[in-house]
């Protein structure tokens, strides 16, 4: 019912993004490669998903929004869009998704390059709840579950398919035939969406007063699936629902103001909580969401655009913005569950809805930009792969002089030629300067520290083989 990127129309509020179709790419000399869409407008991408079992395929979806530096509101009457890649992000194609007169899309769930599902709520004269499927790469879409949901007000929050046959569609709490109290409408299919069965109320925690689901806010790791709920009266998060058996049985945990949340596996996860203003508090779980502990660190007080955990590494990646329209934009990573953060960004990459399939394969869409058509992003930072993999780099790295008062000379020697990124960060994680080295086994770089305040800095050397950090003291 509510998406934390875009407050949904469920109770008819306002909110967020849309999508594109790419013709070519723009090399920003950074970890994200931007692809210029053929869609001739500024729109906002809010959901990106990688196809199960094939990291070369990813789909995204979104909508048109009216955006200012501090606000954004949904533009009704504009059809949602999708974009997809089938070659690992080198090229992107897409189109519109036919819905009602005032369409509102919630999420997309790809199976392969031809088959994908989407959930939405559309309005003609009344709310229309159903999910749609394409089998021809998005050229045409077929409606499913048109008469399945018990009531218009149930509102479909997401649809997800584990493979071509097994899927789930979840909506808000509604009284079912033969029942006297509302419970969440959760349906399962095992035949590719031909038939759906509703999960019985005995398998789902009872609804709290004013509790509804959040549109598109869900996570899946294997057979474990989570979704968040909120109080429609004050838009505060209420609970996190979890199923460990693919949606057949559910439990719910109280969560204080969960915003973005991500899981590395069935047990380990993290979520963000906005305390006051833009100040962020992170919490971590090691038991799948039952209990959460406060993390003594934060990516900073800028607006959080997206947050995810890189598979196979348990590294948190966060993207942030100072406002909705103008740079600088930030990409930050944490290797210690949010305690400390490293800014690795160029300031130009307005990255949202990040999805990593592995430490070397990642996709993202752009928050609705102000001055150019919306972009899709592919993670291509080969020299930053070490940061995302968490592997320790075996190399001789010399910093001289250290301590220093003006210049810092860096020498790197490795057994074979490699491409390097060298980051100089403040102790807080803020990026001071970034240098790139082409493939070499004996690289050198020089940093000018004359105008920096005295204190401790950290030098990070990264390549595809791994990373290492050196402490630098400026006197």
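Residue numbers (our numbering): 43 to 517. Cβ atoms here follow ideal geometry from the backbone N, Cα and C, with glycine treated the same way. Here the structure is a predicted model, which means the values were calculated and not measured.
| query | Based on Cα-Cα distance, which residue from 182, 252, 151 lies nearest to residue 204? | reply | For the residues 182, 252, 151, the minimum Cα distance to residue 204 belongs to 151.
| task | Starting from residue 114, follow its DSSP beta bridges and name the residues at the other end. | result | Per DSSP, 109.
| Taking the C-alpha atoms as reference points, what is the distance between residue 494 and residue 117? | Between residue 494 and residue 117, the C-alpha separation is close to 46 angstroms.
| task | Following the continuous beta strand (DSSP E) through residue 125, name the residue where it begins and the one where it ends. | result | Unbroken beta strand (DSSP E) run through residue 125: 123-127.
| query | Hey, out of 226, 155, 132, 208, whose CA is closest to residue 214's CA? | reply | From the listed residues 226, 155, 132, 208, the smallest Cα separation to residue 214 is found for 226.
| Local conformation of residue 431 per DSSP, three classes | Helix.
| In three-state DSSP terms, what is residue 245? | Correct three-state label for residue 245: helix.
| query | residue 147 and residue 139 look like a contact to me (Cβ under 8 angstroms); what is the Cβ gap, rounded to whole Å? | reply | About 6 angstroms separates the beta carbons of residue 147 and residue 139, which is inside the 8 angstroms limit, making them a contact pair.
| request: Note down, in chain order, each residue of its chain lying with its Cβ closer than 6 angstroms to the Cβ of residue 482, except the 5 sequence neighbours on either side. | output: The beta carbon of residue 482 is closer than 6 angstroms to those of 459 in its chain, skipping five residues each way along the sequence.
| Sorry if obvious, but does the Cβ on residue 152 come closer than 8 angstroms to a heavy atom of the ligand MN? | You won't find the ligand MN in this model; it holds no ligand whatsoever.
| request: Let me know the secondary structure DSSP gives residue 426 once reduced to three states. | output: Three-state result, residue 426: helix.
| request: Within 10 angstroms of the Cβ of residue 178, are there 16 or more other Cβ atoms? Answer buried if so, exposed if not. | output: Exposed, because fewer than 16 other Cβ atoms sit within 10 Å of the Cβ of residue 178.
| query | residue 197 by DSSP, collapsed to three states: which one? | reply | In the structure shown, residue 197 adopts coil according to DSSP, grouped into three states.
| task | Since I believe residue 448 is in contact with residue 491 (beta carbons under 8 angstroms), could you give me their beta-carbon distance rounded to a whole number of angstroms? | result | With a Cβ gap of about 6 angstroms, residue 491 and residue 448 count as contacting.
| Closest by CA to residue 230, which one among 95, 207, 244? | Selected option, being the one with the closest Cα: 207.
| message | Give me, in chain order, the residues of the same chain whose beta-carbon lies closer than 7 angstroms to that of residue 424; leave out the 5 immediate sequence neighbours on both sides. | response | Close CB contacts of residue 424 within its chain, under the 7 angstroms cut and outside five residues either way in sequence, are with 461, 506 (chain order).
| Exposure of residue 341, with buried meaning 16 or more beta-carbon neighbours within 10 Å | Looking at its Cβ environment, which holds 16 or more other Cβ atoms inside 10 Å, residue 341 is buried.
| field | residue 184 - partner residues in DSSP beta bridges | value | Beta-bridge pairing links residue 184 to 175.
| query | Would a C-beta distance cut-off of 9 angstroms place residue 477 and residue 496 closer than the cut-off? | reply | Not a contact, by the Cβ cut-off of 9 angstroms.
| Among 259, 77, 385, 360, which has the Cα closest to the Cα of residue 463? | It is 385.
| request: Using beta-carbon positions only, say whether residue 284 and residue 250 come within less than 9 angstroms of one another. | output: At the C-beta level, residue 284 and residue 250 stay beyond 9 angstroms of one another.
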